[in-house]
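Structure first, then comments.
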């Protein structure tokens, strides 16, 4: 629970909503966005958490009952232009699990409409299924930008999301370079098929990349991305963070760079990548803790070397 | 001449370059970029000016001799990938007239390669021809973004470039809104077919526009553009200015906005718009002064109500 201060609340009320399914959470993941919310991002108060796998225990559509699912986190009004064009994530009235107007997954139960739920095949473990939501966000890039086999792609960042992006790109045959600070994380990027370089090395590669994906979670990521991208190239912004980013935006004008904001993505595509074994997220798990140790889990997630920290419900 | 301080230099040397044409300047225009350069933008030292009409007095290609021309301002190396794909404006070795490594048009003569020159038909006056270069920059937007008849387009800014953008869009049947501060400039925007509103009114139109074109020349333009654009919409950045723009870039991520930098454009298209009368730039002229009064002309161009100030060579 975050109410200006992060704290663990026992006996949260069961979040039943008309027309929605009730899901008993099995396992949930801590995301960079959760950490940013505790710094003030999105001005959210309530139960955090939007990466989860759970089991449907109540549902208006009987088909879903008892199934193991992950969930699309945005719930639109169902009536506006965005909702009617399959973009509930851009509905101005939307709620978003653990981010906006809706309690999240760091609890025993959560509520989402049945149409937001995607069944997880038995071949995907609980620990891997938790990665479906952030892996879908990584796959969103492939919906927005044409990445060719000949494309030179840089990923700014070596953290949780950056690692999943490398893995989502591994089945495109582009040249992928991960740029980061942490030797161990860069090594994980290399394992997934990326060339891995440090920030210092990246300074020598100005204007070398067709596509630069900013996934550092830091306000310094955008200026670096603008320095790395070729004229007429594309910068994809994946990080949401609290605060202002200052950039000499004239660079983007002079080089006619395209900058694309990128958020939630196609869950089914992510599930398919996990089910086929094309993406193995398990090396990205830094720690697994019971929900009761949520505060400690958040602390662990902020440590410099940390990647994904999972919260497990033993029930 | 700008060498850290703006001053007028009599008897500038005649800028002859191998393989290039020599053009006697008839008339030149002061652009926002010129004003930014005097504040430190682009770190340029030399003769300013890149909007001009002139007559070819020497040329390696005889065809051009004696013709009245405007010029594409970027000169590439001719050998790199960008040059060979018709993008000399993105050549890393390029010079640019009055902006980068090449003396500009606020002089009796300037030098450009013959292939950079475009002949001006007799139907276009000298005063109108000077607008070909900035009007081409406005037309660049139409090459980069699909603007539909149903598109709602906002232009942030009511100055020189914003006025030309309104006029370039007038033959697209989109709904165009100009957002500015100056009643007289907004009236000129209305004359050209735009709906014109003040910054205060614009605050009530958050997320109402499919496309927002930032042409304010101010660092506050980007945050406003991000507030005005719809989710999944497009922001076009036309302003180059000295200094950093701070923006809560998370807005662009959450709303999955596309931000496109846009610079120089198709001169022939601009010439055609001027020749057909589709665009009449003459109401945008605030003052015409002889080159000798260049310093006063710059002062006039910085006045709040000023639009285009022309420098004329009486020879």
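Chains as they are written, first to last, in this note's numbering: chain C, 1 to 315; chain F, 316 to 630.
Note that the Cβ used here is the ideal one computed from N, Cα and C, for glycine as well.
Query                                                                                                                                                : Result
Contact between the region 229-237 of chain C and the region 53-72 of chain C (3+ Cβ pairs under 8 angstroms)                                        : no
CB contact below 9 angstroms: residue 263 of chain C versus chain F                                                                                  : yes
Minimum Cβ-Cβ distance from residue 410 of chain F to chain C less than 9 angstroms                                                                  : no
Residue 258 of chain C: contacting residues in chain F (beta-carbon distance under 8 angstroms)                                                      : 573, 574, 575 and 576
CA nearest to the CA of residue 386 of chain F, picked from F:419, F:408, F:484 and F:573                                                            : F:419
Contact with chain C by residue 581 of chain F, beta-carbon distance below 9 angstroms                                                               : no
In chain order, each alpha helix (DSSP H) run of at least 4 residues that lies wholly inside the region 490-573 of chain F                           : 498-506, 514-517, 536-543 and 565-569
Cut-off 7 angstroms between Cβ atoms - residues of its own chain near residue 584 of chain F, not counting five sequence neighbours on either side   : 451 and 454
Three-state secondary structure assigned by DSSP to residue 588 of chain F                                                                           : helix
Where residue 553 of chain F meets chain C, residues with beta-carbon distance less than 8 angstroms                                                 : 253
Residue environment, residue 597 of chain F, which counts as buried when at least 16 other CB atoms sit within 10 Å                                  : exposed
Residues bridged to residue 74 of chain C [DSSP beta-bridge criterion]                                                                               : C:96
Residue-level contact to chain C via CB, residue 356 of chain F, 9 angstroms cutoff                                                                  : yes
Coil, strand or helix - residue 306 of chain C by DSSP                                                                                               : coil
Burial state of residue 171 of chain C, where buried means 16 or more other Cβ atoms lie within 10 Å                                                 : exposed
Environment of residue 410 of chain F [buried if 16+ CB atoms lie within 10 Å]                                                                       : buried
Bridge-paired residues (DSSP) for residue 56 of chain C                                                                                              : C:23
Endpoints, alpha helix (DSSP H) assigned at residue 166 of chain C                                                                                   : 160-169
Euclidean distance between Cα positions of residue 501 of chain F and residue 577 of chain F                                                         : 23 angstroms
Best match in F:332, F:349, F:333 and F:337 for proximity to residue 612 of chain F [C-alpha to C-alpha]                                             : F:349
Alpha-carbon to alpha-carbon, residue 323 of chain F and residue 614 of chain F                                                                      : 13 angstroms
Exposure of residue 81 of chain C, with buried meaning 16 or more beta-carbon neighbours within 10 Å                                                 : exposed
Cβ shell of residue 29 of chain C (< 6 angstroms), same chain only, five flanking positions each side left out                                       : 51, 130, 308 and 310
Residue 588 of chain F beta carbon less than 9 angstroms from that of residue 482 of chain F                                                         : yes
Integer-rounded CB distance, given that residue 425 of chain F should sit under 8 angstroms from residue 338 of chain F                              : 5 angstroms
Whole-Å CB distance - residue 21 of chain C paired with residue 112 of chain C, under 8 angstroms assumed                                            : 6 angstroms
Rounded separation between residue 280 of chain C and residue 477 of chain F - CA only                                                               : 51 angstroms
Residue 154 of chain C - containing beta strand (DSSP E), residue span                                                                               : 152-156
Where residue 364 of chain F sits in the DSSP three-state scheme                                                                                     : coil
Outcome for residue 76 of chain C when other beta-carbon atoms lying within 10 angstroms are tallied against a minimum of 16                         : buried
Chain-order list of residues whose beta-carbon lies under 8 angstroms from that of residue 143 of chain C (same chain, five-residue window excluded) : 265 and 266
Unbroken alpha helix (DSSP H) run spanning residue 604 of chain F, endpoints                                                                         : Unbroken run through residue 604 of chain F is the beta strand (DSSP E), 600-605; no alpha helix (DSSP H).
7 angstroms Cβ shell around residue 288 of chain C - same chain, five flanking residues per side excluded                                            : 310 and 312
Extent of the continuous beta strand (DSSP E) to which residue 117 of chain C belongs                                                                : 117-119
Inter-residue spacing [alpha-carbon to alpha-carbon] between residue 124 of chain C and residue 118 of chain C                                       : 13 angstroms
Burial state of residue 617 of chain F (16 or more Cβ within 10 Å)                                                                                   : exposed
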